[in-house]
Structure formats: C-alpha cells, structure tokens
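Residue numbers (the numbering used here), protein chains in the order written: chain A, 1 to 325; chain B, 326 to 465; chain C, 466 to 570.
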C-alpha cells in the first residue's frame, strides 16, 4: 500500500524525465541519419529551462483563461495516463482503471491542443487546430480496431477481465491463435505503429504544427512557460503511447529468463521496458520522420481512412480465422 | 532572475527566426544543413517569433519590410538577440545608393551583432554566433 | 467504483491522482515567467508582421469545427429547404418506421 502510493508519486515525474531522454535520443539519431552530429543528449532539458525564462505573452484577443489553462490540462492528463500503463512492472493503479479508460484519456492531450489553438486569436492557430481535430478523428478508428482485436483474441481464448492491462500484459498473445492469428497480429501491430506518428504529431503527420506552412500552427501564439508545458506534454505522450503499444503486443519480461527475484526483478523489467519503448519509438517515429516528408491534410485523412482501416479489418479477420481453426 | 542568468540559459538553446528579403538566407541554409550543422549547439529554426530567441535579419530591408521587422521584433518575448547579417544591414551594402532600402539597421531595431560579408560564409556566421556565446559566458 | 461487465474504473482514485499531478505541474509552471512587459504591438496576433484586419471570422472560436465538419453535415443543411410539405412527409415516414420497428420487436 505504501509502495503503491510512493510509486504513484514517482512514476509521473519519472515519466517527464524519461520522455525528455527519449526526445534527446530521437534528435541525436535523426541527426546522425541525416549526416549531422546532433545536439547533446540533455538538449530537450535545456530547451525547457530556456523556455521557462522567456516571457509568457498572451494575445489581446485570445480567450485568456482557455489559452493559459490548456497546456496545464494537456500535461496533467498525459501524466495521469502513465499511472494506468504497465511500465515493465504491473500498473500502479491496477484495479482502478483499464484499457478503455486509457483510450479515452489519450484523447485529452490532443483535444487540449485543439482548444488551445482555437483560443489563440491567430488564423494560423485556427487552421492548425482544425487540422489536428480532423487528424484525430481519422486515426481513432484504426487505433480502436487494433485495441479491440487484441481484447477479442484474449476473450475468445478464455481470459476474464480482458480489458485490464495487467491481464493483457500478462498473456502472450502471439501464440494464441495459430498461424493465421500470428499473421493477423503482425498486421495489427503494423497498424498500431502506423497510428503512433499521427498521435504524436511527427512527420509525415505533423500537419497541425507545420513550421513552413502555417507558421507554427497550433503553437503560433504560445511562448514561455505555456510552450514549455506543451513541450513536456509532447515528450510524455510519446512514452505513454509507446508503452501502450508495448503492453499490447510485446509484453515479455526478462526477470523470468535470468531468474532474478526480490527487488532486482522489477528494476530489470523496467529497464527492459524502456528498451522496448525505444525500439517502438525508433521504428515508428524516428526512422519515418527522417525518411518521409509532410503529407497534406486531405491526404492524411485519406491515408488514415483507407490503409490502416483495411489492414486492421484484415488482421481482425485473420485472427478470427485463427481462433476458429 | 537577472539578465545575465537568463542569457546563460538562453545560449544553451537558441531558437532562430529568419527574416530576409532575397539573398540573405542563402548562406544560412547551409548552417542549418548537414555540413555546418547548427543543431549541435542547440539552435533550431522556428516559424513564429513567439518561439524565437534570436532574430536574424539577413540582407537588405526596404522601407516596407522594416516596419514588419520592427513589429516582429516587438512580438518576440524578451530576452532576445538580434543579428544583422550581411553588409546590407551595416551600411546599405550593395544598395548604398538606393532610394528604397534602409542604410543602417540599428536606427530601427536594437542590433546585438553584425556579421559582415555579402553574404557571409557559414563559417563567418558560426564565428559570429560563437562570439555571442563567449560574451555571455564572460559576463556571467 | 464503476464497473461494467468487462471493465472497471474508480473516479475517486483518478481525482486524487490528478490532484497530486496538478500540484507537480503547478510547481513546474511556477518556475516560469508569469507575464510580459507590455509594449506597443507585442500582444497582437502574429501575421508575418502585418496587421490582422479580418478579425471577426477568425475570432469565432468554433470556426475550425464548422469548417472541418462542413462536408459531413452540408447535405443535411441542403435538405432543410423550408417547404413544410417536405417536413411533413419526412415526419410521417419516420413515425411509420419507428412504429414498425416497435411492433416487430
């Protein structure tokens, strides 16, 4: 009980630091892939410290209370998601929230971005907010199908409480439905990796914060500590969504293999979880961001409604076929 | 927090906003690119003056565009640094005799650093930025 | 503790955690600067240095929602053509369908 309360206090703060670490690693690796040297690893922390000493300008015509409170809401909600996800160890708030709650909570940071954009009195921010909202509507469908497919697979193989994240990360889903199920799960994992850059707002789906098109998009009027809070929210959201993908599809633990026990087992599992999150973020966010360019908003909608939806339905059919055989 | 401490935090991560008419940006592009990488010093180009710490006014400015540049300078959150790039900002440069361009940038905007050249090579731009870093460190 | 057949959520624990996290975020927020020294054009909207003249349409906070969803409800707007006969026909049709569904099921 005391351990749970302590963990509930430590995990969100650790989430911020881990998120900044991943942002730094992402920038270094992207720079090396482009033939540059890249900033030092602590550069995102320096960015945040610099943003905290700048003035905080609120435009005259902006809706003041909405403008200043949206960064706060974004960061608080995304840190609250971390408490429900299994970070190698069992989730901190284990019986108190499940997968459906995490799916709903993941909408809140994006919605805070949209509202912050509309509350700035800038045409660039309105366009950015509208684009972010359309993109959000587009990627929620493949994300929901991917999550429901895994839950359905667990349900049809007899587990109870299929939406509880400790059950999901305790069962290894890859072998449950035979060869068609394996193919279906691989296809659905691909859909999930496809949704991750859209959710995080990385290239090719960073239409809402486009630098060259709409002058900063949603963040056009934000400066100083509000921008620092949005920056931190973006860093923590990467950890949250990648931890969700790892919990659904790659829930392996290391302490069983090495036979560790006592206090060393959760630590080793946590470090292995960080490694898995790095792998997911590298494949879906860093490599894709370096290789591709930005899509136009109409193409974002058509890309998200066509390919991941078809792929995820195909995966679901394959999984169903696998359980029937 | 006094200004010296703020500037010390600022030089670790400088975000740059470029304001230019025509030929000023051509030698800033390689500084952003992979040969004279400026991200290793923490500098990235941004698109809105609200995010920017450093306003680089590259090349000549006409009477029309200097009014916009002044508004952009006022819209930047302070502490901020202004760099005048090229000889057109120092003395009018190639357009010293023109009826339309401004001859000295510091009459309109408080400039912290001039980088001479037409346009200055990326090494000169980096040397200028290094001198800002060194001056901030000396003052702290 | 709210629980459906498949999942469960406890709002009280959620609110307690959100309260604690809000304290942490407020500490981070207070490390930053609160306001700004007012100068002449500082708080105008950024428009590449120009002055923003069209303010009414843009200041409408919900413009983005209307514009993005416009394609999806435009057909409904066109259907509302103001002729009462059409409205009555739609009403009769829908009541028939509803009664049919209620009787059949």
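Idealized CB from N, CA, C, for every residue including glycine.
* Asked: According to a CB-to-CB cut-off of less than 8 angstroms, which residues of the stretch 431-464 of chain B neighbour chain A?
  -> none
* Asked: Among the residues of its own chain, which have a CB less than 6 angstroms from the CB of residue 517(C), if the five just before and after it don't count?
  -> For the purposes of this step, residue 517(C) is identified with residue 52 of the third chain, where counting begins at 1. Cβ neighbours of residue 517(C) beyond the five flanking positions: 510.
* Asked: Can you find a CB in chain C that lies within less than 8 angstroms of the CB of residue 58(A)?
  -> On the first chain, residue 58(A) is found 58 positions in, with the first residue counted as 1. Residue 58(A) counts as touching chain C.
* Over what stretch of residues does the alpha helix (DSSP H) that includes residue 438(B) continue unbroken? -> Position 113 of the second chain holds residue 438(B). That residue, residue 438(B), is in no alpha helix (DSSP H); its beta strand (DSSP E) goes 438-440.
* Asked: Residues of chain A with a CB under 8 angstroms from the CB of residue 542(C): which are they?
  -> Counting from 1 along the third chain, the entry for residue 542(C) is found at position 77. Within chain A, no residue comes near residue 542(C); the closest Cβ sits about 19 angstroms away, beyond 8 angstroms.
* To do: For chain A, find out if any of its Cβ atoms is closer than 8 angstroms to the Cβ of residue 496(C); answer yes or no.
  => As a working note, residue 496(C) is residue 31 in the third chain. Yes, residue 496(C) lies at the interface with chain A (some Cβ there is under 8 angstroms from its Cβ).
* To do: Could you list the residues in the stretch 346-367 of chain B with a C-beta less than 7 angstroms from some C-beta on chain A, going in chain order?
  => 359, 362, 364, 365, 367
* Start and end of the alpha helix (DSSP H) containing residue 258(A)? -> Looking up residue 258(A) in the first chain gives position 258. Counting along the chain, the alpha helix (DSSP H) containing residue 258(A) begins and ends at 255-258.
* To do: Just confirm the distance between the C-beta atoms of residue 394(B) and residue 344(B), as a whole number of angstroms; I'd bet it's less than 8 angstroms.
  => Here residue 394(B) is taken as the residue at index 69 of the second chain, counted from 1. Here residue 344(B) is taken as the residue at index 19 of the second chain, counted from 1. About 5 angstroms separates the two Cβ atoms, so the contact holds.
* To do: Using beta-carbon positions only, say whether residue 341(B) and residue 381(B) come within less than 8 angstroms of one another.
  => Walking along the second chain from the start, residue 341(B) turns up at place 16. Walking along the second chain from the start, residue 381(B) turns up at place 56. The answer is yes: Cβ separation under 8 angstroms.
* To do: Could you tell me the distance, in whole angstroms, from the CA atom of residue 584(C) to the CA atom of residue 9(A)?
  => The requested residue 584(C) is not part of the displayed model; chain C covers only 466 to 570.
* Of the choices 372(B), 398(B), 425(B), 446(B), whose alpha-carbon is the least far from that of residue 387(B)? -> Stepping through the second chain from its first residue, residue 387(B) is reached at position 62. Ranking the options by Cα distance to residue 387(B), first place goes to 425(B).
* Asked: Mind checking residue 175(A): buried by the 16 CB within 10 Å criterion, or exposed?
  -> Here residue 175(A) corresponds to residue number 175 of the first chain, with the count starting at 1. Exposed: under 16 other Cβ atoms inside 10 Å.
* **Buried or exposed by the 16-neighbour rule on C-beta atoms within 10 Å, applied to residue 185(A)** => Along the first chain, one-based indexing puts residue 185(A) at 185. When all chains shown are included, residue 185(A) counts as buried.
* To do: Measure from the C-beta of residue 556(C) to each C-beta in chain A and report whether the shortest distance is under 8 angstroms.
  => Here residue 556(C) refers to the residue found at position 91 when the third chain is read from its first residue. Answer no: the Cβ-Cβ gap between residue 556(C) and chain A never drops below 8 angstroms.
* Assigned exposure category for residue 292(A) - 16 Cβ within 10 Å defines buried -> As a position in the first chain, residue 292(A) is number 292, starting the count at 1. Exposed is the call here.
* Through-space distance from residue 555(C) to residue 77(A), alpha-carbon basis -> Here residue 77(A) corresponds to residue number 77 of the first chain, with the count starting at 1. Here residue 555(C) corresponds to residue number 90 of the third chain, with the count starting at 1. Those two C-alpha atoms are separated by around 44 angstroms.
* **Nearest-angstrom Cβ-Cβ length linking residue 251(A) and residue 169(A), presumed shorter than 8 angstroms** => Indexing the first chain from 1 puts residue 251(A) at position 251. Indexing the first chain from 1 puts residue 169(A) at position 169. Rounded, the Cβ-Cβ distance is 4 angstroms, consistent with contact.
* contact_flag[the stretch 181-198 of chain A, the stretch 142-160 of chain A] where n(CB pairs < 8 angstroms) is 3 or more -> yes
* To do: Kindly list, in the order they appear in chain A, the residues whose Cβ is closer than 9 angstroms to that of residue 390(B).
  => Translated into positions along the second chain, residue 390(B) becomes position 65. Under the 9 angstroms cutoff, chain A gives no residues; its nearest Cβ is about 17 angstroms from residue 390(B).
* Given residue 314(A), which residues of its chain have a CB within under 8 angstroms of its CB, disregarding the five upstream and five downstream residues? -> Translated into positions along the first chain, residue 314(A) becomes position 314. Closer than 8 angstroms at Cβ, skipping near neighbours: 184, 187.
* residue 137(A) versus 126(A), 107(A), 160(A), residue with shortest Cα-Cα distance -> The residue you call residue 137(A) lines up with position 137 of the first chain. Considering only alpha carbons, the answer is 107(A).
* **Sequence-distant residues of its chain with Cβ nearer than 7 angstroms to residue 406(B) (five each side left out)** => Position 81 of the second chain, counting from 1, holds the residue named residue 406(B). Cβ within range, chain order: 378, 379, 437, 457.
* **Under 9 angstroms from the C-beta of residue 383(B): neighbouring residues of chain C** => As a first step, residue 383(B) must be located in the second chain, where it is residue number 58. In chain order: nothing, as chain C lies at least about 15 angstroms away.
* Would you tell me roughly how many angstroms separate the C-alpha atoms of residue 216(A) and residue 371(B), rounded to the nearest one? => On the first chain, position 216 is the one that residue 216(A) refers to. On the second chain, position 46 is the one that residue 371(B) refers to. Distance between the alpha carbons of residue 216(A) and residue 371(B) is about 8 angstroms.
* Could you name the residues of the same chain whose beta carbon sits closer than 6 angstroms to that of residue 12(A), not counting the 5 residues immediately before and after it, in chain order? => The residue labelled residue 12(A) in the question sits at position 12 within the first chain. Result list for residue 12(A): 79, 82, in chain order.
* Asked: For chain A, is any of its Cβ atoms less than 8 angstroms away from the one on residue 506(C)?
  -> Working through the third chain from its first residue, we reach residue 506(C) at position 41. No - not a single Cβ of chain A is within 8 angstroms of the one on residue 506(C).
* To do: State yes or no: is the C-beta of residue 199(A) within less than 8 angstroms of the C-beta of residue 125(A)?
  => Within the first chain, the letter at position 199 stands for residue 199(A). Within the first chain, the letter at position 125 stands for residue 125(A). No, the Cβ-Cβ distance between residue 199(A) and residue 125(A) is not below 8 angstroms.
* Does the beta carbon of residue 499(C) sit closer than 8 angstroms to a beta carbon anywhere in chain A? -> Within the third chain, residue 499(C) is the residue found at index 34, counting from 1. Interface residue, yes.
* Asked: In terms of residues, what are the limits of the alpha helix (DSSP H) holding residue 493(C)?
  -> Against the third chain, residue 493(C) aligns to sequence position 28. Start and end: 476-495.
* Residue from 163(A), 307(A), 74(A), 154(A) whose Cα sits closest to the Cα of residue 101(A) -> As a first step, residue 101(A) must be located in the first chain, where it is residue number 101. Ranking the options by Cα distance to residue 101(A), first place goes to 163(A).
* Around the C-beta of residue 226(A), are 16 or more other C-beta atoms found within 10 angstroms, so that it is buried, or is it exposed? -> Here residue 226(A) refers to the residue found at position 226 when the first chain is read from its first residue. So residue 226(A) counts as buried.
* If you run the structure through DSSP and keep just helix, strand and coil, what is residue 194(A)? -> Here the question's residue 194(A) lines up with position 194 in the first chain. Residue 194(A): helix per DSSP, three-state reduction.
* By the criterion of Cβ-Cβ separation under 8 angstroms, what are the contact partners of residue 374(B) in chain C? -> The residue you call residue 374(B) lines up with position 49 of the second chain. Here the neighbours are 511.
* Whole-number beta carbon distance between residue 277(A) and residue 242(A), since they are thought to touch under 8 angstroms -> Numbered from its first residue, the first chain carries residue 242(A) at position 242. Numbered from its first residue, the first chain carries residue 277(A) at position 277. Indeed they touch by this definition, with Cβ atoms about 4 angstroms apart.
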